[in-house]
Amino acid sequence: WNGCNKESLRAYFPATERILFAEHYQGPYRPKDAGYAAKGSALKQHVMAPLISYFRDARAALGITAKQIADATGKKNMVSHWFSASQWQLPNESDYLKLQSLFARVAEEKHQRGELEKPHHQLVDTYTSLNRQYVELQSEYKHLRRYFGVTAQVPYTDVWTHKPVQFYPGKHPCEKPAEMLQQIISASSRPGDLVADFFMGSGSTVKAALALGRRAIGVELETGRFEQTVREVQDLIV
Numbered sequence: 001w002n003g004c005n006k007e008s009l010r011a012y013f014p015a016t017e018r019i020l021f022a023e024h025y026q027g028p029y030r031p032k033d034a035g036y037a038a039k040g041s042a043l044k045q046h047v048m049a050p051l052i053s054y055f056r057d058a059r060a061a062l063g064i065t066a067k068q069i070a071d072a073t074g075k076k077n078m079v080s081h082w083f084s085a086s087q088w089q090l091p092n093e094s095d096y097l098k099l100q101s102l103f104a105r106v107a108e109e110k111h112q113r114g115e116l117e118k119p120h121h122q123l124v125d126t127y128t129s130l131n132r133q134y135v136e137l138q139s140e141y142k143h144l145r146r147y148f149g150v151t152a153q154v155p156y157t158d159v160w161t162h163k164p165v166q167f168y169p170g171k172h173p174c175e176k177p178a179e180m181l182q183q184i185i186s187a188s189s190r191p192g193d194l195v196a197d198f199f200m201g202s203g204s205t206v207k208a209a210l211a212l213g214r215r216a217i218g219v220e221l222e223t224g225r226f227e228q229t230v231r232e233v234q235d236l237i238v
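Numbered according to the UniProt record's numbering, the sequence shown terminates at residue 238, and the numbering increases by one at each position without gaps.
Now the structure itself:
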């Protein structure tokens, strides 16, 4: 745009382009990452369900109150973590022994079957096994999440400045700077991912994707332009 005749303009020169990152809309009044966090929490509750049920069912069977648990352990803020699915935690051995003592006493008073009778080390073994499953599933789920990664070496705001592509014979009028395309592709995909450009034109996006180790698909309606771009891409591959 620095080469245009500014005095001849009747409006500001369109020196910017907008790029939209589109993903599933979570709904109003919800932060952008609420969906991912909620899915992660639900996943953990699902995996830890056997242990969560062990504690929750034991409390329900004996009708033990939050006050009784707090008085026995001295930790009133941990009742919801030990006996509900939300932010569940496994009690340490000291607290578990106190809970066992409380539950055994209440069961005896009510002439009911004892609860929380498993040894703590057995619960730890179960937790370790389940947590390993959770970490593996979380890793798989995270990989399915829309990728976005930037480094300190590139601009991380939503305003970028790149020099336009200089004229050359056969230049496509809408050709994008290779540096900008590489920045977009690097931030939005992983090596081996598939990059699609449905308005291929000169094939700048396809060329940048291949240079960065991605796979690429390009679509172009203009036959002449398509054939020229195919030749250029083939020359790069060879």
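Even glycine gets a Cβ: it sits at the ideal position worked out from N, Cα and C.
For residue i, which of the options has the nearest alpha-carbon?
i, options, result
"G170", "G203, E109 and T157", "G203"
"E179", "H81, W160 and L116", "W160"
"S94", "P119, F198 and E109", "P119"
"F148", "V124, I64, K176 and R190", "R190"
"E218", "M200, P14 and A85", "Going by the sequence as given, residue 218 is Gly instead of Glu. Ranking the options by Cα distance to G218, first place goes to M200."
"H162", "P173, Q182 and L144", "Q182"
"A211", "G74, V233 and E7", "V233"
Using a 10 Å radius around the Cβ and a threshold of 16 neighbouring Cβ atoms, would you call residue i buried or exposed?
i, result
"D195", "Inspection of the sequence shows that residue 195 is occupied by Val rather than by Asp. Under this definition V195 is a buried residue."
"E117", "exposed"
"I185", "buried"
"S139", "exposed"
"residue 250", "Limits of the chain in this structure are 1 at one end and 238 at the other, which puts residue 250 out of reach."
"F55", "buried"
"D197", "buried"
"Y141", "exposed"
"A216", "buried"
"E220", "buried"
"K76", "exposed"
"R59", "buried"
"G69", "First, the residue type needs correcting, since residue 69 is Ile and not Gly in the sequence shown. I69 comes out buried."
"Y96", "buried"
At what residues does the beta strand (DSSP E) containing residue i begin and finish?
i, result
"V195", "L194 to D197"
Three-state secondary structure (DSSP) at residue i?
i, result
"G224", "helix"
"R231", "helix"
"I64", "coil"
"A216", "strand"
"I50", "Looking at the sequence itself, residue 50 is Pro, so the reference to Ile does not match. Helix at P50."
"K44", "helix"
"V79", "helix"
First and last residue of the alpha helix (DSSP H) that includes residue i?
i, result
"I185", "A178 to S188"
Item to complete: Would you be able to state if there are at least three C-beta pairs under 8 Å between the stretch 147-159 and the stretch 87-103?
Response: Cβ pair count under 8 Å is below three, so no.
Practice prompt. Determine contact between the stretch 94-107 and the stretch 127-136, defined as no fewer than three beta-carbon pairs at a distance below 8 Å.
Written response: The stretch 94-107 is not in contact with the stretch 127-136.
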